[in-house]
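In full-length UniProt numbering, the protein residues as written are 1 to 345.
(1) In its own chain, which residues sit with a C-beta less than 8 Å from the C-beta of residue 101, not counting the 5 before and 5 after it?
(2) Looking at residue 290 and residue 262, is the spacing between their C-beta atoms short of 7 Å?
(3) Using three-state DSSP, classify residue 135 as helix, strand or coil.
(4) Measure the beta-carbon distance from residue 380 to residue 37 and round it to whole angstroms, keeping in mind my assumption that it falls under 8 Å.
(5) Would DSSP call residue 250 helix, strand or coil?
(6) Let's test the definition: count the other Cβ atoms within 10 Å of the Cβ of residue 345 and tell me whether it reaches 16, buried, or not, exposed.
(7) What runs of the beta strand (DSSP E), each 3 residues or longer, lie entirely inside the region 138-222?
(8) Using a Cβ-Cβ cut-off of 7 Å (strictly less than) and excluding sequence neighbours within five positions of residue 50, which residues of its own chain qualify?
(9) Who are residue 20's beta bridge partners in DSSP?
(10) Can you have a look at residue 316 and say buried or exposed, based on whether 16 or more other CB atoms are within 10 angstroms of its CB?
(11) With DSSP collapsed to three states, give me the class of residue 72.
(12) Where in the region 265-323 do unbroken runs of the beta strand (DSSP E), each at least 3 residues long, occur, reported from the N-terminal end onward?
(13) Just how far apart, CA to CA, sit residue 205 and residue 173?
(14) So, helix, strand or coil for residue 61, using DSSP?
(15) Go ahead and label residue 171 buried or exposed: buried means 16 or more other beta carbons lie within 10 angstroms of its beta carbon, across all protein chains shown.
(16) What does DSSP give as the partner residues of residue 13 in its beta bridges?
(17) Determine the direct distance from the alpha carbon of residue 218 to that of residue 294, and round the result to whole angstroms.
(18) From the DSSP output, which residues share a beta bridge with residue 38?
(19) Counting along the chain, where does the beta strand (DSSP E) carrying residue 226 start and finish?
(20) If we count the other Cβ atoms within 10 Å of its Cβ and call it buried at 16 or more, is residue 15 buried or exposed?
(21) When DSSP builds the beta bridges, which residues end up paired with residue 94?
(22) Inspect the beta-carbon positions of residue 39 and residue 28 and report whether they are closer than 7 Å.
(23) Using a 10 Å radius around the Cβ and a threshold of 16 neighbouring Cβ atoms, would you call residue 17 buried or exposed?
(24) In whole angstroms, what is the alpha-carbon distance linking residue 240 and residue 271?
(25) What does the alpha-carbon distance come out to for the pair residue 64 and residue 90?
(26) Using a 10 Å radius around the Cβ and a threshold of 16 neighbouring Cβ atoms, would you call residue 45 buried or exposed?
(27) Using a Cβ-Cβ cutoff of less than 8 Å, which residues in the same chain neighbour residue 306 once the five nearest sequence positions on both sides are dropped?
(28) Would a C-beta distance cut-off of 7 Å place residue 186 and residue 153 closer than the cut-off?
(29) Measuring straight from C-alpha to C-alpha, what distance separates residue 20 and residue 78?
(30) Using 7 Å as the threshold, is the C-beta distance between residue 133 and residue 120 below it?
(31) Closer than 8 Å by C-beta to residue 136: which residues in its own chain qualify, once you throw out the five before and the five after it? Chain order, please.
(32) For residue 106, which of 198, 321, 151 has the nearest alpha-carbon?
(33) Between residue 200 and residue 167, which are expected to be in contact by the criterion C-beta below 8 Å, what is the C-beta distance as a whole number of angstroms?
(34) Does the separation of the CB atoms of residue 250 and residue 258 fall below 7 Å?
(35) In whole angstroms, give me the CA-to-CA distance for residue 194 and residue 9.
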């Protein structure tokens with residue numbers, strides 16, 4: 001069944017499924033403009049997802065061939081996956097922040113094994129045990145690498161410039177740079193009166209930055225060719241505060257459902273991460289590797305039940321929190337430890 005929602009004021013959403021993923025779907029938003037429909041994100045590159053997107057557009061009395069442009073909140077495959085197929089069908093332009101475009105370009109130009117080699121080295125340095133590394137090493141020579149999502153994602157042809165209005169005829173849509181979930185994540189502020197007259201300043205397409213019931217994954221910004229030490233959690237917290245100051249009437253996220261009280265949700269997430277950082281300091285009363293810290297952190301299920309791939313993501317999130325604690329001077333690496341351990345100070 002096609003699931004289309006009318007949000008009023010020429011804005012709709014289509015629930016595009018994500019295969020074999022607990023998130024279930026991506027909310028692809030359609031914004032009517034004087035030059036035709038513009039999509040905000042496109043969904044996962046999968047035949048069922050494509051069929052759902054096409055059916056949703058048909059239900060909205062338009063067609064994939066009518067799409068004028070595509071605005072991507074960030075490069076992840078559940079958001080950017082179908083962009084190339086939509087552009088091929090319609091000739092639409094694709095816009096993305098330059099930081100995430102650089103990731104798309106690097107991924108397209110690199111051999112698939114490059115990323116896996118880098119991930120294996122990073123996990124080993126984080127203290128991952130051999131039984132976790134073994135499947136990654138096996139995949140290196142199995143030929144399965146070329147089936148990974150995002151390896152041939154569409155290269156955007158327009159740049160989203162933070163703070164500027166996007167060139168959407170008849171609409172006021174302003175880009176807000178919100179790094180954290182990815183280095184080039186953007187939220188999009190529709191600076192127009194709310195169609196239901198809810199109090200506040202317009203509506204916000206929040207991508208994965210601000211979700212009503214989920215704290216988005218904040219892992220490391222990965223570039224195998226650079227040694228820069230990033231602080232994605234610090235970036236995310238600063239971005240949250242920036243969004244909280246907008247005072248929007250309603251948030252239209254890429255997952256779950258639309259909601260009001262963006263400021264209240266921002267405060268919840270800020271408090272959540274402060275509580276998590278405080279809890280990690282207690283764990284770091286004795287030296288721990290990032291892997292050991294991830295094993296002891298609270299997740300949505302016990303560590304022994306977390307699948308292999310999700311454990312790698314969890315360790316990345318543990319490292320992002322460690323980097324934040326080190327930057328704040330609340331933890332430090334233990335000299336001479338290998339793999340490196342960290343302790344509270």
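Glycine included, C-beta positions come from ideal geometry on N, C-alpha and C.
A quick note: this is a predicted structure, and the numbers were derived from the prediction, not measured.
On the basis of the supplied data:
(1) Residues 75, 155, 156, 159, 184 of the same chain have their beta carbon placed closer than 8 Å to that of residue 101, with the five preceding and five following residues left out of the count.
(2) A distance of 7 Å or more separates the beta carbons of residue 262 and residue 290.
(3) Secondary structure of residue 135 (DSSP, three-state): helix.
(4) Outside the shown range of the chain (1 to 345) lies residue 380, about which nothing can therefore be said.
(5) Residue 250: strand per DSSP, three-state reduction.
(6) It is exposed - the Cβ of residue 345 has fewer than 16 other Cβ atoms within 10 Å.
(7) Taking only runs of at least 3 residues, the beta strand (DSSP E) segments lying wholly in the region 138-222 are 173-177, 186-190, 203-207.
(8) Contacts found: 82, 85.
(9) According to DSSP, residue 20 shares a beta bridge with no other residue.
(10) It is buried - the Cβ of residue 316 has at least 16 other Cβ atoms within 10 Å.
(11) In the three-state reduction of the DSSP assignment, residue 72 falls in the coil class, being assigned neither a helical nor a strand state.
(12) Whole beta strand (DSSP E) segments, 3+ residues: zero.
(13) Roughly 10 Å between the two C-alpha positions.
(14) Correct three-state label for residue 61: coil.
(15) Counting Cβ neighbours within 10 Å, residue 171 comes out buried, since at least 16 surround it.
(16) Secondary-structure assignment with DSSP links residue 13 through a beta bridge to 5, 29.
(17) Cα atoms of residue 294 and residue 218: separation of roughly 13 Å, rounded to the nearest angstrom.
(18) DSSP lists 31, 69 as partners of residue 38.
(19) For residue 226, there is no enclosing beta strand (DSSP E), as DSSP marks it with neither H nor E.
(20) The residue in question, residue 15, is buried, as its Cβ has 16 or more Cβ neighbours within 10 Å.
(21) As a beta-bridge residue in DSSP terms, residue 94 pairs with 70.
(22) Between residue 39 and residue 28, the C-beta gap is smaller than 7 Å, which places the two residues in contact.
(23) By the 10 Å Cβ count, residue 17 comes out buried.
(24) If I take the Cα positions, the gap works out to 11 Å.
(25) Approximately 6 Å, taken between the alpha carbons.
(26) Under this definition residue 45 is a buried residue.
(27) Here the set comprises 299, 314.
(28) It is not a contact, given that the beta carbons lie outside the stated cut-off.
(29) Distance between the alpha carbons of residue 20 and residue 78 is about 12 Å.
(30) Yes, the pair counts as a contact, with Cβ atoms nearer than the cut-off.
(31) Sequence-distant Cβ neighbours of residue 136 in its own chain, meaning closer than 8 Å and more than five residues away, are 116, 119, 120, 123.
(32) Put simply, of 198, 321, 151 the residue whose alpha carbon is nearest the alpha carbon of residue 106 is 151.
(33) Contact flag wrong, Cβ pair sits at about 25 Å.
(34) Against a cut-off of 7 Å, the Cβ pair of residue 258 and residue 250 comes out as a contact.
(35) The C-alpha of residue 9 is placed about 8 Å away from the C-alpha of residue 194.
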